[in-house]
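Data first, discussion second: the structure below is written as structure tokens.
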Amino acid sequence: MIPISNIEAQWEKMSVEDRSTVYGQLEEVMKKDWKELSLDEKKAGKFQFAYYVAFGPHGPRAPVSKPGDGIKIFASTAALVGVAGIIFYAIRAMSPPPPRSINKEWEEASNQRALEQKMNPITGIASEGYSGKGFVTHK
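Quick note on the working numbering: the sequence shown kicks off at 251 and runs consecutively.
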């Protein structure tokens, strides 16, 4: 008979045979009527041990993450976002300036040229009652 007084601490260290023995002992106790159990058996909390054996945090129910993993995950994610930001600004600093055609004046001139050429006269910029911005994308 294996003592099951501190089963939570012993369970991980027990062999498979010992675990099955404890499980059998608890099964026998649970088959008895509650009224037939002695006061010591009731006080021993054998049903708490049975609950631990059946539903405790071991085997497939063992927690996947350890305490402190959340902080590590947050810190590593923040570090990766920081590195990505540094790489973004480094590439942006080394890039050439934007082309001269990316400004509001150029886009407005493109609108005027499109009107002069009657570009897309059915539904586009040169159509009757057109109310869109045309080529202007800057505010």
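Idealized CB from N, CA, C, for every residue including glycine. This structure is a prediction, so every number in the text was calculated from the model and none was measured.
Worksheet entry | C-beta atoms of residue 359 and residue 384 nearer than 8 Å | Against the sequence shown, residue 359 aligns to sequence position 109. Against the sequence shown, residue 384 aligns to sequence position 134. In this structure, residue 384 does not lie closer than 8 Å to residue 359 by Cβ.
Worksheet item: So, is residue 272 buried or exposed, given that buried needs 16 or more other C-beta atoms within 10 angstroms?
Response: To locate residue 272, count along the sequence shown from 1; it is residue 22. Taking all protein chains shown into account, residue 272 has 16 or more neighbouring C-beta atoms within 10 Å of its C-beta and is therefore buried.
Practice prompt. For residue 276, count neighbouring C-beta atoms within 10 Å of its own C-beta (all shown protein chains included) and say buried if the count is 16 or more, exposed if not.
Written response: If you number the sequence shown from 1, residue 276 lands on position 26. Buried.
Item to complete: Please name the residue, chosen from 379, 267, 356 and 329, that lies closest to residue 386 on a Cα-to-Cα basis.
Response: What you label residue 386 is simply residue 136 of the sequence shown in a count that begins at 1. Selected option, being the one with the closest Cα: 356.
Worksheet entry | Local Cβ density within 10 Å of residue 341, reported as buried at 16 or more and exposed below that | What you label residue 341 is simply residue 91 of the sequence shown in a count that begins at 1. Its Cβ having fewer than 16 others within 10 Å, residue 341 is exposed.
Item to complete: Using the Cα positions of residue 329 and residue 339, report the straight-line distance between them to the nearest angstrom.
Response: Translated into positions along the sequence shown, residue 329 becomes position 79. Translated into positions along the sequence shown, residue 339 becomes position 89. The alpha-carbon separation between residue 329 and residue 339 amounts to approximately 15 Å.
Worksheet entry | Three-state secondary structure (DSSP) of residue 273 | Here residue 273 corresponds to residue number 23 of the sequence shown, with the count starting at 1. Residue state, collapsed to three classes: helix.
Worksheet item: Whose C-beta lies closer than 8 Å to the C-beta of residue 382 among residues of the same chain, with five residues either side of it excluded?
Response: On the sequence shown, position 132 is the one that residue 382 refers to. The beta carbon of residue 382 sits closer than 8 Å to those of 375, all from its chain and outside the five residues before and after it, given in chain order.
Worksheet item: At which residues does the alpha helix (DSSP H) containing residue 356 begin and terminate?
Response: Reading the sequence shown from its first residue, position 106 is the one you call residue 356. That run of the alpha helix (DSSP H) goes 354-366.
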